[in-house]
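A short worksheet on the structure shown next.
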Amino acid sequence: MFWLLRIRRRRSLRMSKTGQVSFAGLFFSPTFPSLGAAYCQYGRDQGEAPTGAPVPPATPDCADDGVDNATLMGWLYKNKFIDGYVEVPLDQLDWYAQTFKGIVLGLVIDGDKCITDFQASPKVPWDTMGKDDGHDTLGIITHADGSGALVTWGGVQPYTLGFRQNNITDAWVILDSEDPYPDWTALSAALTALHGVVGPDPYSASIPAKESFLEEVLDKVRTEFHGLEESKTFEAAEKRAKELEQGLHKAMGLALSRESEQLILKVLQQIVKAYIKI
Amino acid sequence: MSKELEHSAGLRVGPHRESHEPSLKGDLFIQGQTGFLEWNGTNGIGEDWNMDDNDVLVAADSPP
Numbered sequence: 005m006f007w008l009l010r011i012r013r014r015r016s017l018r019m020s021k022t023g024q025v026s027f028a029g030l031f032f033s034p035t036f037p038s039l040g041a042a043y044c045q046y047g048r049d050q051g052e053a054p055t056g057a058p059v060p061p062a063t064p065d066c067a068d069d070g071v072d073n074a075t076l077m078g079w080l081y082k083n084k085f086i087d088g089y090v091e092v093p094l095d096q097l098d099w100y101a102q103t104f105k106g107i108v109l110g111l112v113i114d115g116d117k118c119i120t121d122f123q124a125s126p127k128v129p130w131d132t133m134g135k136d137d138g139h140d141t142l143g144i145i146t147h148a149d150g151s152g153a154l155v156t157w158g159g160v161q162p163y164t165l166g167f168r169q170n171n172i173t174d175a176w177v178i179l180d181s182e183d184p185y186p187d188w189t190a191l192s193a194a195l196t197a198l199h200g201v202v203g204p205d206p207y208s209a210s211i212p213a214k215e216s217f218l219e220e221v222l223d224k225v226r227t228e229f230h231g232l233e234e235s236k237t238f239e240a241a242e243k244r245a246k247e248l249e250q251g252l253h254k255a256m257g258l259a260l261s262r263e264s265e266q267l268i269l270k271v272l273q274q275i276v277k278a279y280i281k282i
Numbered sequence: 312m313s314k315e316l317e318h319s320a321g322l323r324v325g326p327h328r329e330s331h332e333p334s335l336k337g338d339l340f341i342q343g344q345t346g347f348l349e350w351n352g353t354n355g356i357g358e359d360w361n362m363d364d365n366d367v368l369v370a371a372d373s374p375p
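In structure tokens:
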């Protein structure tokens, strides 16, 4: 499910620029209630039979039979998770990974060997191995000697040059409309030829209405962050962002320590009163 | 793939499903560069948030 972590990359970049992990929930308005739910929907859309959720909690109707990247990327595009994507020439893998902040890697592996190496402490780098199984991961580190590391199973797993050359089969990057590198005119034509004109998100209608004022306030906060981009000067934007950051940090700290919703709401209302006109 | 190992670890792999889309090859739309590069996209999260080694699995019956 690595890929859903990248589908709102622009927002993730903002989070990483500020260094505040607690911003994650504030920047992300999921169509699905969880990452797992979206992944399960992908499986159902491919006509897969229910197999149960890949991770707890148990979801009996979840279809989890893996992915192939061409189909997955097309599904993400057609459902408006992403603005675009391309398949990466493997001899340019490092440049694409660095330029687009991560790269989707399709693998052939020996599953037993991979799990054993992953569970070792410290981890044993994946080296040239058998090709009985498949796996899909996110490349996150590259080295000048051709080795690197990828994200899988909630950890960062190193690999060798031999593994790269023998066990990485395909690589893809997710593109945002703001990315300057693609020829967007040509790419948009190709995507339309493959997938047709993409309409509204077919799942957005299933999003429940706002259940509480707390959610409403959070929406206002999100809007305010978007407004920061329109500040007249960098200094003004920076000052406003810092003030908001401090207030939101306090609210998120309360949420993380499982304080009552009323208390969190009170803090958020103070933020709204001080900084946001509603 | 040993199901015993897969289940005991709670980790999963699947069948290999390689696929390609020739009309979406990156070099048709993006001028990239070849070669190996030094890059770390983890943003130092492990170090900055004191989460180094948080991915080391611990047996369920281990003391806290």
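Residue numbers (our numbering), protein chains in the order written: chain V, 5 to 282; chain A, 312 to 375. Glycine included, every Cβ here is placed at the ideal spot set by N, Cα and C. Bear in mind the structure is a predicted one, so any value in this text is a computation, not a measurement.
Taking Cβ to Cβ, would you say residue i is nearer than 9 Å to residue j?
i, j, result
"L348 of chain A", "Q102 of chain V", "yes"
"E52 of chain V", "A67 of chain V", "yes"
"V71 of chain V", "Y100 of chain V", "no"
"L198 of chain V", "E329 of chain A", "no"
"D114 of chain V", "T164 of chain V", "no"
"W176 of chain V", "Y43 of chain V", "no"
Would you decide whether residue i is buried or exposed? Buried here means 16 or more other CB atoms lie within 10 Å of its CB.
i, result
"A148 of chain V", "exposed"
"F238 of chain V", "exposed"
"Q96 of chain V", "buried"
"Q250 of chain V", "exposed"
"Q344 of chain A", "exposed"
"D187 of chain V", "exposed"
"S334 of chain A", "exposed"
"T189 of chain V", "exposed"
"A287 of chain V", "Not covered by the structure: residue 287 of chain V. The range shown for chain V is 5 to 282."
"S125 of chain V", "exposed"
"G346 of chain A", "exposed"
"D174 of chain V", "buried"
"S210 of chain V", "Its pLDDT being 48, under 50, S210 of chain V is placed unreliably in this model, and the value from its coordinates should be taken loosely. So S210 of chain V counts as exposed."
Using the C-alpha atoms, what's the distance from residue j back to residue i?
i, j, result
"Q123 of chain V", "V324 of chain A", "14 Å"
"Y185 of chain V", "Q342 of chain A", "7 Å"
"P93 of chain V", "D137 of chain V", "23 Å"
"D140 of chain V", "V108 of chain V", "7 Å"
"E182 of chain V", "D87 of chain V", "9 Å"
"K127 of chain V", "D121 of chain V", "6 Å"
"L111 of chain V", "K336 of chain A", "18 Å"
"G159 of chain V", "G106 of chain V", "15 Å"
"K270 of chain V", "D180 of chain V", "36 Å"
"W157 of chain V", "L322 of chain A", "7 Å"
"A41 of chain V", "N171 of chain V", "29 Å"
"N83 of chain V", "Q50 of chain V", "13 Å"
"Q161 of chain V", "T75 of chain V", "25 Å"
"M133 of chain V", "L191 of chain V", "36 Å"
"I144 of chain V", "G78 of chain V", "22 Å"
"H142 of chain V", "T196 of chain V", "The sequence shown places Leu at residue 142 of chain V, not His. In a straight line, the C-alpha of L142 of chain V is about 26 Å away from that of T196 of chain V."
"A213 of chain V", "L272 of chain V", "Model confidence at A213 of chain V stands at a pLDDT of 44, short of 50, so the residue's coordinates are unreliable and nothing is read from them."
"G150 of chain V", "R168 of chain V", "7 Å"
Could you spell out the range, first to last residue, of the alpha helix (DSSP H) harbouring residue i?
i, result
"G166 of chain V", "165 to 171"
"T156 of chain V", "Note, T156 of chain V: premise wrong, no alpha helix (DSSP H); beta strand (DSSP E) at 152 to 156."
"T103 of chain V", "97 to 103"
"T189 of chain V", "188 to 199"
"L80 of chain V", "73 to 82"
Please report the residue range of the beta strand (DSSP E) in which residue i lies.
i, result
"Y89 of chain V", "88 to 91"
"T55 of chain V", "First-last for T55 of chain V: undefined, no H or E at that position."
"L109 of chain V", "107 to 113"
"G138 of chain V", "137 to 146"
Check your understanding: Relative to chain A, which residues along the stretch 95 to 112 of chain V have a C-beta separation below 7 Å, given in chain order?
Key -> D95, Q96, D98, W99, Y100, A101, Q102, K105, G106, G110, V112
Exercise for review: Taking only beta carbons into account, state which residues of the stretch 143 to 172 of chain V come closer than 7 Å to chain A, listed in chain order.
Suggested key: I144, I145, T146, H147, A148, D149, G150, W157, G158, G159, V160
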